[in-house]
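Student: Take a look at this one; I'll ask things after.
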Amino acid sequence: MEDTTEEIPLQGSGEADILAALGRKLEGDLSFSGERILGSMCTLPHPTSAKVYEHYLDRNIGDPGLHPRLQQLERETIGMLGRLLGSRSAEGAIVTGGTEANLIALWAAKRKHREKRKVVLPESAHFSFDKAADIMDLDLCKIPVGDDGRVDLKRYLEAIDDKTMVLVAVAGTTGLGAVDPITEISAAATAWKLPLHVDAAFGGFVLPFLAEAGYTAPAFDFSLPGVSSITIDPHKMGRCAIPAGAIVFRNHDAAVASETEVSYLAGGKTRQRTIVGTRSGASVASIWATLHRLGRKGYVETVAACMENSRYLYDRLNSMSGVDAVIEPQMNVVGLRPAKHRRIDPDELARRLRGRGWALSLFPGFLRITVMPHVSKTMLDAFLHDLEEIIA
Numbered sequence: 065m066e067d068t069t070e071e072i073p074l075q076g077s078g079e080a081d082i083l084a085a086l087g088r089k090l091e092g093d094l095s096f097s098g099e100r101i102l103g104s105m106c107t108l109p110h111p112t113s114a115k116v117y118e119h120y121l122d123r124n125i126g127d128p129g130l131h132p133r134l135q136q137l138e139r140e141t142i143g144m145l146g147r148l149l150g151s152r153s154a155e156g157a158i159v160t161g162g163t164e165a166n167l168i169a170l171w172a173a174k175r176k177h178r179e180k181r182k183v184v185l186p187e188s189a190h191f192s193f194d195k196a197a198d199i200m201d202l203d204l205c206k207i208p209v210g211d212d213g214r215v216d217l218k219r220y221l222e223a224i225d226d227k228t229m230v231l232v233a234v235a236g237t238t239g240l241g242a243v244d245p246i247t248e249i250s251a252a253a254t255a256w257k258l259p260l261h262v263d264a265a266f267g268g269f270v271l272p273f274l275a276e277a278g279y280t281a282p283a284f285d286f287s288l289p290g291v292s293s294i295t296i297d298p299h300k301m302g303r304c305a306i307p308a309g310a311i312v313f314r315n316h317d318a319a320v321a322s323e324t325e326v327s328y329l330a331g332g333k334t335r336q337r338t339i340v341g342t343r344s345g346a347s348v349a350s351i352w353a354t355l356h357r358l359g360r361k362g363y364v365e366t367v368a369a370c371m372e373n374s375r376y377l378y379d380r381l382n383s384m385s386g387v388d389a390v391i392e393p394q395m396n397v398v399g400l401r402p403a404k405h406r407r408i409d410p411d412e413l414a415r416r417l418r419g420r421g422w423a424l425s426l427f428p429g430f431l432r433i434t435v436m437p438h439v440s441k442t443m444l445d446a447f448l449h450d451l452e453e454i455i456a
């Protein structure tokens, strides 16, 4: 079998030849079963999640009339996520991930406030909000964040006015895992009668379990009356197979704004609340299965283990000469940067670490490590050894 083709081959090849060719083409790519990925917010899916996903590969939840029981399973799954996030009347949809969920949240807000375009959000918000603004012609009012990674609350509240369409806060920023002052922002949303969307793509499967794991857990979810929608990604700390995201609305009134009627599907007339039409039913089944396989206790244990390793990494960085932790981690995300007196900048540090096989995330001024379930103390010790050598 040829390794390089420019068009579909005339004659098909055997499975063994295809798998061998793929192995050669993809050789060198990192995997979560290896010992070098420190910068990803995804991880190895739980074996049950992977098995269920493979079993239901042919299901399209975008045509629910063909799979009414799968549609009910999606409702049950959203219901479980809603209860996890503080609402017993939640509605929503399983989607590809945080980007799609954030787009849907802003789309729903725009449909309710068509005469407005202003979105107030922190500078730390995910780039998916820039995509949403470009697609929907919205005006983003980005508010600076403080040294603790949280949005400047005073400036945030001052930015809200009669032109504002929706408020956005982050529960687990991409860079540092920081949680915005969502209690105060929720109060402002209520006072202004505005929807508040919380991007908890990462924090959604960490924050609800922190207290039981022995750590402080800030309020962020539907327990705050101003929160109208939440993004949560089961394919991150939920340990589900990729893709697995969710947009969860507080109730029916909040969810219905994103509905579109579709009449031509094989399963009959239906209404969709997502941007994409065809959606993976395998994702729905695998999320439901993983939630039941791990249970609340399993997630608490996962979070506790990741937090223990995060604290270990943070303490080791603080004791190391020539490198600084950016902030004390609120969850299993640790930022680091070279000390000011060292003649190396974060970009050069990231390049040298990558030269030794370490895959970290690079942000302006610092590097990020996400201490996911596949990250062990042995892995962290090996990383810290290389980091110390490079810094020295």
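Converting from the sequence shown to the numbering used here requires adding 64 to each position, the first position being numbered 1. Don't be surprised by glycine CBs; every beta carbon is placed ideally from N, CA and C.
Report the CB separation of Asp317 from Thr295 in whole angstroms; it is logged as a contact under 8 Å.
Tutor: With 8 Å as the limit, Asp317 and Thr295 do not qualify as a contact, their Cβ atoms being about 19 Å apart.
Student: Under the rule that 16 or more other beta-carbon atoms within 10 Å means buried, what is Glu23, buried or exposed?
Tutor: Nothing in the structure corresponds to residue 23, since the chain is present only between 65 and 456.
Student: Assuming Pro245 and Arg214 are in contact, meaning their beta carbons sit under 8 Å apart, how far apart are those beta carbons, in whole angstroms?
Tutor: Between Arg214 and Pro245 the Cβ distance is about 6 Å, and since that is below 8 Å, they are a contact.
Student: Which value, in whole angstroms, describes the spacing of the CA atoms of Met371 and Val435?
Tutor: 8 Å
Student: How about the stretch 201-213 and the stretch 283-292: do they share at least three Cβ pairs that are nearer than 8 Å?
Tutor: no
Student: When the Cα atoms are used, what is the spatial distance from Gly236 to Ile199?
Tutor: Spanning the two alpha carbons is a distance of roughly 25 Å.
Student: To which residues of the same chain is Phe430 closer than 7 Å at the C-beta, ignoring the five residues directly before and after it?
Tutor: The answer, listed in chain order, is Val390, Gly399, Leu400, Arg401, Pro410.
Student: Could you work out which residue in Ala277, Lys257, Ala330, Glu325 is closest to His131 when comparing CA atoms only?
Tutor: Ala330
Student: If you scan the stretch 137-185 from start to end, which runs of the beta strand (DSSP E) of 3 or more residues do you find wholly inside it?
Tutor: 155-159
Student: If I follow the unbroken beta strand (DSSP E) through Pro402, where does it start and stop?
Tutor: 397-402
Student: Under DSSP, the beta strand (DSSP E) around Gly232 begins and ends at which residues?
Tutor: The amino acid at residue 232 is misidentified as Gly; the sequence shows Val. First-last of the beta strand (DSSP E) with Val232: 228-234.
Student: If we call anything under 8 Å between Cβ atoms a contact, is Phe96 one with His356?
Tutor: no
Student: Return the CA-CA distance between Lys472 and Asn315, expressed in angstroms with no decimal places.
Tutor: The question about residue 472 has no answer, for the chain in this structure spans 65 to 456.
Student: Helix, strand or coil: how does DSSP classify Lys218 here?
Tutor: For Lys218, the three-state secondary structure derived from DSSP is helix.
Student: Taking Cβ positions, are Ile311 and Ile168 nearer each other than 8 Å?
Tutor: yes
Student: Quick one: Cα of Gln75 to Cα of Leu83, how far?
Tutor: The straight-line gap from Cα to Cα measures roughly 16 Å.
Student: Which residue wins for smallest C-alpha separation from Ser153, given the options Arg375, Glu140, Gly162?
Tutor: Glu140
Student: Which first and last residues belong to the alpha helix (DSSP H) in which Ala281 is found?
Tutor: Per DSSP, Ala281 belongs to no alpha helix (DSSP H) and is neither H nor E.
Student: In terms of residue numbering, what span does the beta strand (DSSP E) encompassing Leu121 cover?
Tutor: Per DSSP, Leu121 belongs to no beta strand (DSSP E) and is neither H nor E.
Student: Return helix, strand or coil for Ala205, following the three-state DSSP convention.
Tutor: For the sequence presented, residue 205 should be read as Cys rather than Ala. Three-state DSSP puts Cys205 in a strand.
Student: Going along the chain, which residues of its own chain have a beta-carbon closer than 7 Å to the beta-carbon of Pro109, five neighbours each way excluded?
Tutor: Around Pro109: Arg303, Cys304, Ala305.
Student: By Cβ distance below 6 Å, which residues in the same chain neighbour Gly150 in space, the five residues on each side in sequence not counted?
Tutor: Asp285, Phe286, Ser287
Student: Within this structure, are the beta carbons of Glu325 and Arg335 separated by less than 8 Å?
Tutor: yes
Student: What separation, rounded to the nearest whole angstrom, lies between the Cα atoms of Ala196 and Leu202?
Tutor: 7 Å
Student: Just reading off the beta strand (DSSP E) that Ile433 is part of, what are its end residues?
Tutor: 430-434
Student: Just checking, does the stretch 222-232 make contact with the stretch 171-189 on the three C-beta pairs under 8 Å criterion?
Tutor: yes
Student: Is the stretch 267-274 in contact with the stretch 111-124, if contact means three or more CB pairs nearer than 8 Å?
Tutor: no
Student: Judging by CA-CA distance, which residue of Lys361, Lys89, Ala414 is the nearest neighbour of Ala277?
Tutor: Lys361
Student: Could you check what DSSP says for Ala196 in three-state terms: helix, strand or coil?
Tutor: helix
Student: Let's test the definition: count the other Cβ atoms within 10 Å of the Cβ of Val397 and tell me whether it reaches 16, buried, or not, exposed.
Tutor: buried
Student: If the criterion is Cβ atoms closer than 8 Å, does the pair Gly309 and Thr160 meet it?
Tutor: yes
Student: Does DSSP put Arg375 in a helix, in a strand, or in coil?
Tutor: helix
Student: Would you mind working out which of Arg380, Ala189, His449 sits nearest Leu240, comparing C-alpha positions?
Tutor: Ala189
Student: Among Ser440, Ser350, Gly268, Ala173, which has the Cα closest to the Cα of Val30?
Tutor: Here the chain covers residues 65 to 456 and nothing more, so residue 30 does not appear.
Student: So what does DSSP say about Glu412, is it helix, strand or coil?
Tutor: It is helical.
Student: Alpha carbons only, please: which of Gly92, Arg100, Ala265 is nearest the one belonging to Leu451?
Tutor: Nearest neighbour of Leu451 by Cα position, chosen from Gly92, Arg100, Ala265, turns out to be Arg100.
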